[in-house]
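Here the sequence shown is numbered in this note's numbering, starting from 816 and rising by one per residue. Working notes, structure below.
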Amino acid sequence: MSRTPIVTVSTGKGGAGKTTTTIVLADCWALSGLTVGLLNTDPNKSLRRWYEKGAKKGYFENIIFREELQERNIISVARRLCDQVDVLLIDVAGVASVSLLKSAGIADLVIIPAQPNEDDFIEAINTKEIVKEAEELTGRAIPCKTVITRAKSGTTVLEHTAKQLEKINFPLFSTIFYDRTIFAKARFMGATPISYGANTGAISEIEAFSNEVRQMIFVKEKGAVKKTKAA
Ligand SMILES: Nc1ncnc2c1ncn2[C@@H]1O[C@H](COP(=O)(O)OP(=O)(O)O)[C@@H](O)[C@H]1O
Ligand SMILES: [Mg+2]
């Protein structure tokens, strides 16, 4: 396994929040002093558009972006990028694909974003099955967790779906991303809520989530944690 932790963000459901999850983590970690690699493997190229728009405005410093749409090259491109960064995030096309199998196979953690609805959760379960296949192939455990995105406050569907997932031992991050206009607005600006600097609720969610993820991936990489400027 590479010394640089690799986090793969994936689900079979389009619009679940993969690209948003990827870029908010990248922005948060980069602002804390880590050099972050971003690898887009999704042909819709939305991560590229977001990154390029933001980079032109001076956001996303400390982030190195690469795109690799050929599944045969994903592992070599990821490994090369790992040599330049403290942590690598991979945004993977939302289908059961060789790209996902490979990106999961080299990952230290797979994050599956899902909105609180049945379709997203079925796709989350399908994605977790592919991660299990990657575990079979590599012979190692690949932690895999779901983050709930675009939750609407004051509805019971969130509680219901969380309970259903608990019943089948489906691990969930404690942080929930609520549906907040700032996420979409910041994206139009080529920013994230942090670089855009507006809504404290969104920023708290991003920080709490990035800490949760960080604790999972840097647990054996104390050197990388020390590189951060944050206390
Ligand atoms: N927490 C949120 N609140 C409001 N809008 C969100 C949130 N998360 C994502 N979005 C919006 O939902 C849409 C789909 O998100 P995206 O991250 O592009 O999904 P995916 O990459 O899985 O297709 C985008 O327009 C994005 O701005
Ligand atoms: Mg996307």
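Where is the CB? At the ideal position from N, CA and C, for every residue including glycine.
According to the DSSP secondary-structure assignment, Asn932 is paired through a beta bridge with no residue. Residue list for ligand 2: Lys833, Thr834 and Ser861 (CB closer than 5 Å to any heavy atom, chain order). Residue state for Gly852 is assigned as strand, using DSSP reduced to three classes. The beta carbon of Gly869 sits no closer than 7 Å to any heavy atom of ligand 1.
In this structure, Thr1015 keeps its C-beta atom at 8 Å or more from the C-beta atom of Thr836.
Assignment of Phe1033 by DSSP, reduced to helix, strand and coil, places it in the coil class.
DSSP places Val900 outside any alpha helix (DSSP H), giving it a letter other than H or E.
In the three-state scheme derived from DSSP, where H, G and I count as helix and E and B as strand, Asp906 is classed as strand.
Under the Cβ criterion (8 Å, minimum of three pairs), the region 961 to 979 counts as touching the region 917 to 930. Per DSSP, the unbroken alpha helix (DSSP H) holding Ser914 starts and ends at Val913 to Gly920. Counting every other CB atom within 10 Å of its CB across the protein chains shown gives Ile983 a total below 16, marking it as exposed.
By alpha-carbon distance to Asn941, the top candidate from Cys897, Ile821, Phe988 and Ser825 is Ser825. Contact between Ile1032 and Val822 is confirmed by a C-beta separation of about 6 Å, below the 8 Å threshold.
Residues Ala919, Val925, Ile957 and Cys959 of the same chain have their beta carbon placed closer than 7 Å to that of Val946, with the five preceding and five following residues left out of the count.
Relative to ligand 1, Pro958 has its C-beta separated by 7 Å or more from all heavy atoms.
Classified as buried, Ala831 has 16 or more neighbouring CB atoms from the shown chains inside 10 Å of its CB. At a Cβ-Cβ threshold of 8 Å, Thr856 and Ser914 count as neighbours. The closest heavy atom of ligand 1 lies 7 Å or more from the beta carbon of Phe936.
Between Phe992 and Ala966, the beta carbon gap of about 7 Å places them in contact (Cβ cut-off 8 Å). In this structure, Pro1008 has its CB at a distance of at least 7 Å from all heavy atoms of ligand 1. In the DSSP assignment, the residues bridged to Ala966 are Tyr993.
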